[in-house]
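All the letters of the sequence shown, read from the start, carry residue numbers 3 to 360 under this note's numbering. Idealized CB from N, CA, C, for every residue including glycine. Keep in mind the model is a prediction, meaning the values are calculated, not measured. Here is the structure we will look at, set down as C-alpha cells.
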Amino acid sequence: MADIIEQLQRQVQQARQHQTPLVITGGGSKSFYGNPSEGETLAMADYRGIVEYEPKELVVTVKAGTRLKDLQEVLAEQGQMLPFEPPSFSGNATIGGTLACGFSGPRRPFAGSARDFVLGCKVLTGKGEVIEFGGKVIKNVAGYDVSRLMVGAMGTLGVLLDVSLKVLPIPEQEVTLVTPAHVNEALDIMNARAGQPLPLSGAVYDGEAVVMRLSSTEQGIKEARKKIAGEVLKQGPQFWQDINEQQHFFFSDDMPLWRLSLAPATLHLGLPGSWLFDWGGALRWLKTDVAPHDVRDAVEAEGGHATLFRNREYWLPKESFPVFHPLPPSLMTIHHKLKAAFDPEKILNRHRMYEDLL
C-alpha cells in the first residue's frame, strides 16, 4: 500500500505543479452531492483494507478506500458497529467518501455524529505532503480538531488516507414503536421523549406517524416501554435501513430534495411540498419546487440552514445557485484560511463545496 500512497502523492504534486484540478473519487456513491467538480480523477478505491483493529479498545484504523460494507462486516463479526450509522447509498461506498461528506444516520442525535468518532487520520494535502493528526485513543488529543475538520470537508482540504475511528458494541436489543400524529403534534412528541431518560436511537416523522427506535438491553427496553406508548413495528430494521439509505418511498421521485437543519423544537415551516423529519426534528427533508431563495429565506429566519441534497438539475439552466447554504463572511474567511493552509493552489475537488473557494 506504500506504493499506492507514493503514486497518489506524485499525482498530487504533479497536479500542483501544472495547476491541474483533481477530483477525488472513491466508490462514486455520493457523486450526486455538492456542486459539480471537474478535473483529473484521483482514484482511491484501490487503497483499501483494515490497518489495525483492536476490538477490546473499541478502535479501528482503516484505509479510506475500504468499502463501508466491508468495514461494517468486520465490526459485526466482533459484535460492534459504527455508532453514527452512516448511509452508503451504494455497495461501493467507501469510508473515506462517507467521512468526507460527513454523513450520519438516524442514531446521530442520540449517539453522536461522524465527526465525534474520528480519533485521528493520515491525510495527503494539496501540497503533496502526507501528514498525520490525532491518535488512536481518545486521550491522545494532539491535532484532534484537525482530524475532525476533515469530516464534511468534501475533500477540499486534503485526501483522507487512513482514519482511526471509535466503535461501539451493537445493542443487545432494539424495538421500533409507531405513534400516529399530525405534524406539530409529532414535533411535540419527539421533543418530549428526547427530554426523557430513554434509550432512543431513532426518531422520525414520516408524514403520518412518529416512528421511534429504542436500543438497549432486554430489561432496558422493557423499562422504556413502560414510559412511552406506541405500536411495535415488526419491520423496524427494514424501516430504518430504508430511511438511512433513502430507499423509503418518500425519496422515490425526481423533485428537488432539500436537507434542512433546524433546532428540533422549531415549529413546522409550512412550505409547500412533502416533508419527512429525522433526528427528532433537527433534520427535515423537504421535496418541493418552491424557489431555492424562498426555501433558504424561510429556514434562515428560524436560525437554520438549507442544503439542496439531490436533483439540483431540476433548476438548471434557468436558475443557478449554491448547493450549500451561503456562509456568513466571518466563517467564509476561516474557510479561505484553511484552504490556503492545506491546498494553496486549490486543486482538490475544486468548486465542490463553495465556488468562492474554487
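### Task
Ignore the nearest five residues each way along the sequence and tell me which others in Val143's own chain have a CB closer than 7 Å to its CB.
The residue you call residue 143 lines up with position 141 of the sequence shown. Confidence is the limiting factor: at Val143 the pLDDT is only 36, short of 50, which leaves the residue's position unreliable, though a coordinate-based value still follows. Nothing listed; no residue qualifies.
### Query
Would a C-beta distance cut-off of 7 Å place Cys2 and Tyr49 closer than the cut-off?
With the chain running from 3 to 360 in the structure shown, residue 2 is simply not present.
### Query
Taking the alpha-carbon positions, what's the Phe344 to Thr43 distance?
Here residue 344 corresponds to residue number 342 of the sequence shown, with the count starting at 1. Here residue 43 corresponds to residue number 41 of the sequence shown, with the count starting at 1. Using only the alpha carbons, I get a separation of about 19 Å.
### Query
CB Thr178 to CB Ala211, shorter than 7 Å?
Your numbering for residue 178 matches position 176 in the sequence shown. Your numbering for residue 211 matches position 209 in the sequence shown. No.
### Query
Hey, how far is the Cα of Gln74 from the Cα of Ile172?
The residue you call residue 74 lines up with position 72 of the sequence shown. The residue you call residue 172 lines up with position 170 of the sequence shown. Computed Cα separation, rounded: 11 Å.
### Query
Can the beta-carbon of Lys168 be found closer than 7 Å to that of Phe119?
Translated into the one-based positions of the sequence shown, residue 168 becomes position 166. Translated into the one-based positions of the sequence shown, residue 119 becomes position 117. The answer is yes: Cβ separation under 7 Å.
### Query
Is the distance from the Cβ of Ile26 to the Cβ of Val161 below 7 Å?
Indexing the sequence shown from 1 puts residue 26 at position 24. Indexing the sequence shown from 1 puts residue 161 at position 159. With a cutoff of 7 Å on beta-carbon distance, Ile26 and Val161 are scored as near each other.
### Query
Considering only residues of the same chain and omitting the five flanking positions on each side of Glu247, which have a CB-CB separation below 7 Å?
Taking the sequence shown and counting its residues from 1, one reaches residue 247 at position 245. Apart from sequence neighbours up to five positions away, the residues of its chain that approach Glu247 with a beta-carbon distance below 7 Å are Pro89, Ser90 and Phe91, ordered along the chain.
### Task
Note the first and the last residue of the continuous alpha helix (DSSP H) segment covering Val14.
Counted from its first residue, the sequence shown places residue 14 at position 12. Where Val14 is concerned, the enclosing alpha helix (DSSP H) starts and stops at Ala4 to His20.
### Message
Quick check: what's the CA-CA separation for Gly41 versus Asn351?
### Response
The sequence position of residue 41 within the sequence shown is 39, counting from 1. The sequence position of residue 351 within the sequence shown is 349, counting from 1. A straight-line Cα-Cα distance of about 8 Å links Gly41 and Asn351.
### Query
Going along the chain, which unbroken runs of the alpha helix (DSSP H) with 4 or more residues stay wholly within the segment 282 to 356?
DSSP runs (the alpha helix (DSSP H)) wholly in the segment 282 to 356: 294 to 302 and 331 to 344.
### Query
Tell me which same chain residues have a C-beta within less than 6 Å of the C-beta of Phe112, skipping the five on either side of it?
The count along the sequence shown starts at 1 and reaches residue 112 at position 110. For Phe112, where only same-chain residues beyond five positions count, the Cβ hits under 6 Å are Leu202 and Ser203.
### Query
Roughly how many whole angstroms lie between the Cα atoms of Lys228 and Ala188?
Counting from 1 along the sequence shown, the entry for residue 228 is found at position 226. Counting from 1 along the sequence shown, the entry for residue 188 is found at position 186. Rounded to the nearest angstrom, the two C-alpha atoms are 20 Å apart.
#### Entry: Identity of the residue in Gly51, Ile191, Lys341 and Thr22 nearest Ile6 by Cα
Numbered from its first residue, the sequence shown carries residue 6 at position 4. The option with the nearest alpha carbon to Ile6 is Gly51.
### Query
Quick one: Cα of Ala342 to Cα of Glu134, how far?
Position 340 of the sequence shown, counting from 1, holds the residue named residue 342. Position 132 of the sequence shown, counting from 1, holds the residue named residue 134. Here the alpha carbons of Glu134 and Ala342 stand approximately 18 Å from one another.
### Task
Using alpha carbons as the reference points, say which of Leu216, Leu70, Gly128 and Gly107 lies closest to Pro23.
The residue you call residue 23 lines up with position 21 of the sequence shown. Closest in C-alpha terms to Pro23, from the list Leu216, Leu70, Gly128 and Gly107, comes Gly128.
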